[in-house]
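Down below is the structure, laid out as structure tokens.
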Amino acid sequence: MAALNTFGARLSTAQIAAEMAASTSAKTAPDYRQLRTNNAARPCEPCGFTFVELLVVTALIGILMVLVTPAFTGLKSAGDVTNAADRIRDTLEQARNYAMANNTYVWVGFYEEAGSRPSATPTASPGTGRIVMSIVASKDGTTVYNPNSSSNPDPIDPTRLTQVGKLVKVENIHLPLFTVGSGTGDTFDTRPTLQFDPGGVGYNDSRFGEINLSGNQSAPTTNSQFPFPYPVGSPAPAAQYTFRKTLRFSPRGECSINSTYKMRRVAEIGLQPARGNFADVNNRNVVAIQFSGIGGNFKIYRR
961 MAALNTFGAR
971 LSTAQIAAEM
981 AASTSAKTAP
991 DYRQLRTNNA
1001 ARPCEPCGFT
1011 FVELLVVTAL
1021 IGILMVLVTP
1031 AFTGLKSAGD
1041 VTNAADRIRD
1051 TLEQARNYAM
1061 ANNTYVWVGF
1071 YEEAGSRPSA
1081 TPTASPGTGR
1091 IVMSIVASKD
1101 GTTVYNPNSS
1111 SNPDPIDPTR
1121 LTQVGKLVKV
1131 ENIHLPLFTV
1141 GSGTGDTFDT
1151 RPTLQFDPGG
1161 VGYNDSRFGE
1171 INLSGNQSAP
1181 TTNSQFPFPY
1191 PVGSPAPAAQ
1201 YTFRKTLRFS
1211 PRGECSINST
1221 YKMRRVAEIG
1231 LQPARGNFAD
1241 VNNRNVVAIQ
1251 FSGIGGNFKI
1261 YRR
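Position 214 (the sequence shown) corresponds to 1174 in this note's numbering; numbering is contiguous.
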């Protein structure tokens, strides 16, 4: 039986079904304007970290810092020693090149002072932690000092020397005396051994330092019989440093160490990390710089 519409016309069954579907769709379709209004009126829910979560994250960061700090400290000390070795090698090479280029004798002096002392202080302060280096050359091409002198020490006349470059200062480094290498290999412990003469010339005539790893004081032979001051020139200025640990390069580039500057087959400079005024004796990041007397060749041995 057909139904009547508003105007009294009969509607077919298909038309009735279509109108009913349209009416249902209109009732269920969302009113987006109403939804927007409701969302705007609804308060925002809290977001971010809770206090407990922040505490957990902070604790994790603290634990990681404790675990990582020793590694960074080790890397820094290793970097300090490596940089010091490179700077000392460069200083020695500069001195050797100057000696050969100018056909004269050149000295490199080493002085260790307190690392806590301001680096710009013009006067020396013996101690541990900072290495100071100075290069000087003979003005007239002679050895300057008297090799037959009976005085010890017998300082070199500063008016007969000329300064080569500025002072070089290396921080956080100590000059130790290491156990002599075995001479059986090419590592730190097996590096070439230092010269030892049965006639009484010991290992210390081929190296210099302040205190070895066991805490024993270095032998007197690690000091030069012929020290020189800083600054030098004529007229002689007031000395700020006196370098008693010295190397000398001849016009041929030959290298001698301390004492009466007798030729040594191998000479050595040891380097050890330092913190403030103290040597880090437990740190294994150490370096030995060796150089041959005749050829003046340098090699760095790292542990």
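Note that beta-carbon positions come from the ideal geometry of N, C-alpha and C, so glycine has one too.
Exercise for review: Pull up the distance between the alpha-carbon of L1231 and that of S1210, whole angstroms please.
Suggested key: Cα to Cα, the separation comes out at about 25 Å.
Practice item. Alpha carbon to alpha carbon, how far is Q1054 from S1142? Give it in angstroms, no decimals. Key: Approximately 30 Å, taken between the alpha carbons.
Point to revise | Residue span of the beta strand (DSSP E) that contains N1132, given as start and end | key: Where N1132 is concerned, the enclosing beta strand (DSSP E) stretches over 1128–1134.
Review point. Which term fits R1225, buried or exposed, when burial requires 16 or more other beta carbons within 10 angstroms of its beta carbon?
Key: With fewer than 16 other Cβ atoms within 10 Å, it is exposed.
Review point. Taking all protein chains shown into account, do 16 or more other C-beta atoms lie within 10 angstroms of the C-beta of F1168, making it buried, or fewer, making it exposed?
Key: Note on F1168: 16 or more other CB atoms within 10 angstroms of its CB, so buried under the neighbour-count rule.
Review point. Residues in its own chain within less than 6 Å of S1216 by CB, not counting five upstream and five downstream?
Key: The residues are R1208, M1223.
Review point. Identify the residues that DSSP records as bridge partners of G1230: which are they?
Key: As DSSP reads the structure, G1230 sits in a beta bridge with A1248.
Exercise for review: Could I get the ranges of all uninterrupted beta strand (DSSP E) runs contained in the segment 1092–1116, with 3 residues as the minimum, in chain order?
Suggested key: With a minimum length of 3 residues, no continuous beta strand (DSSP E) run stays inside the segment 1092–1116.
Check your understanding: Is it a yes or a no for the segment 1110–1128 touching the segment 1053–1072, going by three-plus beta-carbon pairs under 8 Å?
Key -> Cβ pair count under 8 Å is three or more, so yes.
Practice item. Name the residue from L1020, V1041, F1011, N1106 whose alpha carbon lies nearest to the alpha carbon of V1246. Key: Among L1020, V1041, F1011, N1106, the Cα nearest to that of V1246 is on V1041.
Check your understanding: Looking at A1084 and G1213, is the spacing between their C-beta atoms short of 8 Å?
Key -> In this structure, A1084 does not lie closer than 8 Å to G1213 by Cβ.
Check your understanding: Could you give the C-beta distance for A920 and I1133, rounded to a whole number, given that I count them as a contact under 8 Å?
Key -> Look at the range of the chain in this structure, 961 to 1263, and you will see that residue 920 is not part of it.
Check your understanding: Could you check where the beta strand (DSSP E) with Q1123 kicks off and where it finishes?
Key -> Q1123 -> beta strand (DSSP E) spans 1121–1123.
Review point. Just how far apart, CA to CA, sit G1075 and R1151?
Key: A straight line joining the alpha-carbon of G1075 with that of R1151 spans about 29 Å.
Practice item. Count the other C-beta atoms from every protein chain shown that fall within 10 angstroms of the C-beta of P1233, then say buried if there are 16 or more, exposed otherwise. Key: P1233 is classed as buried because its beta carbon has at least 16 other beta carbons within 10 Å across all chains shown.
Practice item. Could you check which residue in E1073, A1097, P1078, M1093 has the C-alpha nearest to that of G1087? Key: Closest by C-alpha distance to G1087, out of E1073, A1097, P1078, M1093, is E1073.
**Study point:** Simplified DSSP assignment, three categories, for F1186
**Key:** Looking at F1186 - three-state DSSP - the assignment turns out to be coil, as it is neither helix nor strand.
**Study point:** Length of the line joining the Cα atoms of A1199 and S1079
**Key:** Spanning the alpha carbons of A1199 and S1079 requires a straight line of approximately 17 Å.
Check your understanding: Among the residues of its own chain, which have a CB less than 8 Å from the CB of R1049, if the five just before and after it don't count?
Key -> The residues are I1249, F1258, I1260.
**Study point:** beta-carbon K1129 near the ligand FAD non-hydrogen atom, thresh 7 Å
**Key:** Absent from the structure shown: the ligand FAD. Ligands present: none.
Review point. To which residues of the same chain is T1119 closer than 6 Å at the C-beta, ignoring the five residues directly before and after it?
Key: The answer, listed in chain order, is S1194, A1196.
Point to revise | Rounded C-alpha distance that separates I1095 from D1149 | key: About 30 Å.
**Study point:** Spatial distance of R1263 from E1131 (CA atoms)
**Key:** If you draw a straight line from the Cα of R1263 to the Cα of E1131, it is about 20 Å long.
Review point. Could you give the distance in angstroms between the alpha-carbon of T1144 and the alpha-carbon of L1154?
Key: Rounded to whole angstroms, the gap between the alpha carbons of T1144 and L1154 is 12 Å.
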